[in-house]
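Each residue of the sequence shown is one higher than the last, beginning at 1177 in the numbering used here. Worksheet: the structure to be examined is printed underneath.
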Amino acid sequence: MLKHEKNGLFISIEGPDGAGKTTQARLLKTRLENLGVEVFLTREPGGTPVGEEIRKLLLNPEYSEMTVACEVLLYSAARAQLVRQLINPSLKKGRVVISDRYLDSNIVYQGFGGGESPEIIEKINLWAAGGLMPEITFLLDLDAQTGLKRLQEGDKSGKWQGDRVEQKGLDYHCRVRQGYLELAGRSSGRIVIIEAGGNSDAVHEKIWQLTEPLLRKKNLL
Ligand code: TMP
């Protein structure tokens, strides 16, 4: 188990594809920086040079044969690197860390979506992440169909094909959404469900209402 730094604040943003996590992560970062708070924004899979290479492998549509077990280990490998190389040192410096996805994605996509045991995936991930959990996780909730439609409409080429995960079909993405809701139900308050169907400013305000008191409590604001 790693020694965890509790000086900063660790926030993760989760949700099905197309729920708007990346937009929300950026909006939160900008708001915090405008208030003089130091922020480290990262994403999963990726975030480090090693992790970004693993991301290319994971999302490459050519590898349709990749097994779910292989996915679990590759996503966890990228996460192990990110926690040790960047997240923990940033928390030590008292920064707010915002991660666009974290280990809940692994439990939900490879467990509920892919059919491997969510309990085993959780154990592998806790080991890989050295036990580091976010203090709060915003789950942007959106039905799978709307999420995939948003991705298609957002693609300027008009020939949207999606990455290897996005291509997995509606059933898979419905199981992912259900998995998130089930995980939130048993997360003892860490995961907060935010309805993500509205406009991005309204969603941001809801996230801000919950983030601000946490920052004040930790004297980061
Ligand atoms: P992104 O689209 O949010 O950048 O994430 C890339 C894809 O990877 C997304 O479809 C979800 C998937 N994913 C998993 O299946 N398991 C994981 O552990 C993570 C972090 C992402």
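Just so it is clear, CB atoms sit at the ideal spot from N, CA and C, and this is done for glycine as well. These numbers were taken from a predicted model, which means no experiment stands behind them.
>> Taking the straight line between their C-alpha atoms, what separation do you get for LEU1233 and TYR1239?
In response: 8 Å
> Secondary structure at ASP1331, three-state DSSP: helix, strand or coil?
Replying inline: coil
> Is any heavy atom of the ligand TMP found at a distance shorter than 8 Å from the C-beta of ASN1282?
Replying inline: yes
> For THR1206, which of helix, strand or coil comes out of DSSP?
Replying inline: helix
>> Excluding the 5 residues flanking GLU1214 on each side, which residues of the same chain have their C-beta closer than 6 Å to its C-beta?
In response: ARG1271
>> Classify ALA1201: buried if its beta carbon has 16 or more other beta carbons within 10 angstroms, exposed otherwise.
In response: buried
>> Would PHE1288 and GLY1355 be called neighbours here (beta carbons separated by less than 9 Å)?
In response: yes
> Where DSSP assigns a beta bridge to PHE1186, which residues make up the other side?
Replying inline: VAL1273
> Considering only residues of the stretch 1307–1390, which uninterrupted beta strand (DSSP E) runs meet the minimum length of 3 residues and lie entirely inside it, listed in chain order?
Replying inline: 1312–1317 and 1367–1371
>> For ARG1207 and GLU1371, I'd like the C-alpha separation in whole angstroms.
In response: 20 Å
>> Checking the sheet assignment: what are the DSSP bridge partners for VAL1215?
In response: VAL1272
> Hey, would you say LYS1269 sits closer than 9 Å to GLY1184, going by beta carbons?
Replying inline: yes
> Does the separation of the CB atoms of ARG1255 and ASN1282 fall below 9 Å?
Replying inline: yes
> Since VAL1244 and GLY1290 are thought to touch, with beta carbons under 8 Å apart, how far apart are those beta carbons, to the nearest angstrom?
Replying inline: 4 Å
>> Tell me whether ARG1277, by its Cβ, gets closer than 8 Å to a heavy atom of the ligand TMP.
In response: yes
>> Using a Cβ-Cβ cutoff of less than 6 Å, which residues in the same chain neighbour ARG1326 once the five nearest sequence positions on both sides are dropped?
In response: GLY1194
> Can you tell me where the alpha helix (DSSP H) with ALA1158 in it begins and where it stops?
Replying inline: This structure cannot speak to residue 1158, because the chain is shown only from 1177 to 1397.
> What residue from LEU1359, GLY1323 and SER1333 has the CA that sits closest to GLU1342's CA?
Replying inline: GLY1323
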